[in-house]
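Student:
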Amino acid sequence: AVAGGWRAGRARRRRRQGRGEEEEEDDDEEEGEGGPGTEAVLRRLREARDDLLSSGFWAASAGAMRAPLSGPAEPPARCVCYGLGRFGRCPAARYQLAFLLLLLDELRVPPARCALFDPAFSAREAKALRALGLCLLPENEEGKHDVEGAATLFYMVHCGKALYNNLLWSNWSPAALSKLVIIGNSFRGIEERLLSRILERDYSYIAKVLKGVEEVALPSHPRYLDTFNDTSVHWFPLDKLQELSPEVWDFVEEPMYQDCEDLEIIRKGEE
Numbered sequence: 001a002v003a004g005g006w007r008a009g010r011a012r013r014r015r016r017q018g019r020g021e022e023e024e025e026d027d028d029e030e031e032g033e034g035g036p037g038t039e040a041v042l043r044r045l046r047e048a049r050d051d052l053l054s055s056g057f058w059a060a061s062a063g064a065m066r067a068p069l070s071g072p073a074e075p076p077a078r079c080v081c082y083g084l085g086r087f088g089r090c091p092a093a094r095y096q097l098a099f100l101l102l103l104l105d106e107l108r109v110p111p112a113r114c115a116l117f118d119p120a121f122s123a124r125e126a127k128a129l130r131a132l133g134l135c136l137l138p139e140n141e142e143g144k145h146d147v148e149g150a151a152t153l154f155y156m157v158h159c160g161k162a163l164y165n166n167l168l169w170s171n172w173s174p175a176a177l178s179k180l181v182i183i184g185n186s187f188r189g190i191e192e193r194l195l196s197r198i199l200e201r202d203y204s205y206i207a208k209v210l211k212g213v214e215e216v217a218l219p220s221h222p223r224y225l226d227t228f229n230d231t232s233v234h235w236f237p238l239d240k241l242q243e244l245s246p247e248v249w250d251f252v253e254e255p256m257y258q259d260c261e262d263l264e265i266i267r268k269g270e271e
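Residue numbering for the sequence shown follows the UniProt record's numbering, beginning at 1 and increasing consecutively.
1) Flag this pair as touching only if the segment 113-127 and the segment 74-82 have three or more C-beta atom pairs under 8 Å; answer yes or no.
2) At 4 residues or longer, and completely inside the segment 167-241: list those alpha helix (DSSP H) runs for me, N to C.
3) What are the start and end residues of the beta strand (DSSP E) that includes Tyr-82?
4) First and last residue of the beta strand (DSSP E) that includes Phe-117?
5) Rounded to whole angstroms, what is the Cα-Cα separation between Arg-267 and Tyr-257?
6) In or out: Ala-162 buried (at least 16 other Cβ within 10 Å) or exposed?
7) Once the 5 residues before and after Asp-230 are set aside, which same chain residues still bring their CB inside 7 Å of it?
8) Pick out whichever of Leu-100, Leu-168, Lys-240, Cys-90 has its Cα sitting closest to the Cα of Val-252.
9) When the distance is taken between beta carbons, is Pro-255 closer than 9 Å to Ser-204?
10) In whole angstroms, what is the alpha-carbon distance linking Leu-225 and Ser-55?
11) Alpha helix (DSSP H) containing Phe-57: first to last residue?
12) Helix, strand or coil: how does DSSP classify Glu-264 here?
13) To which residues does DSSP link Cys-135 through a beta bridge?
14) Within the continuous alpha helix (DSSP H) that includes Leu-103, where are the two ends?
15) Taking its Cβ as the centre, do 16 or more other Cβ atoms sit within 10 Å of Gln-96, making it buried, or is it exposed?
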């Protein structure tokens, strides 16, 4: 999807307060959102892809994902990505985007069948995504995306719990959930970290699906501990979903989060 001819842009680095990752600033930034800055972003993205390949992390991850992505269920034919972040500045977000592009290639999903949304994207980043052949969702769905019967991969690394909960609610039936593959925060980890009463009150769809989901963790790598930590591939075998109590599927009230103290997502209209 990416051609050569990217021109290197000069960059300086700064350490983000309170987080163990570097953030870059483009010296080209004063030139506006034009070509040079976009080319620099694409060049850094290619470097991130090469790092993932040379480190062995991509090969190990592809092996871990092979079973859920190529098992008896229909393989994903399209992709939705939420919460990627400022990949033009943040190395972690850039590695996550490079990983996504490698994954699309592995699944033979054309970039045009992958749609992304993050309210933080700059105009330059949006231009870079379009140059890669990717699509941008026109509005903030808050994760409420109905797959409408199409096998879909959701790439949601380090997203807020409400996004996963909203996505499950939007596809709350065995037939629809069996079409989902989610790469994102470990559901087992969410269960372990949250008090059960908080999980059931604020994120009831995550709580109810725990007995119907399978997950496998991405491998650990010292270079990408902050980038892909706590990340798993989740899928929902139809036979496991059908074993759940019928009452599980009766409650389909839209999540409102009225009592949630730390929602972790940007609501529609708050961008």
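Here a beta-carbon is modelled for each residue, glycine too, at the ideal position from N, C-alpha and C.
Tutor: This is what the structure holds:
1) Because the criterion of three Cβ pairs below 8 Å is met, the segment 113-127 and the segment 74-82 touch.
2) Qualifying alpha helix (DSSP H) stretches, in chain order: 174-177, 187-193, 196-202, 204-209, 225-228.
3) Per DSSP, the unbroken beta strand (DSSP E) holding Tyr-82 starts and ends at 78-82.
4) For Phe-117, the uninterrupted beta strand (DSSP E) run begins and ends at 114-117, by DSSP.
5) CA-to-CA, the gap between Arg-267 and Tyr-257 works out to about 11 Å.
6) By the 16-neighbour rule on beta-carbons within 10 angstroms, Ala-162 is buried.
7) Hits under 7 Å: Asn-185, Ser-186, Gly-189.
8) Looking at the Cα atoms, Leu-168 is the closest of the given residues.
9) Yes, these two residues count as a Cβ contact at 9 Å.
10) Annotation: Leu-225 to Ser-55 spans about 13 Å, alpha carbon to alpha carbon.
11) Start and end: 57-69.
12) In the three-state reduction of the DSSP assignment, Glu-264 falls in the coil class.
13) Note: Cys-135 sits in a beta bridge opposite Ala-115.
14) Its alpha helix (DSSP H) spans residues 91-107.
15) With a threshold of 16 other beta carbon atoms within 10 Å, Gln-96 meets it and is buried.
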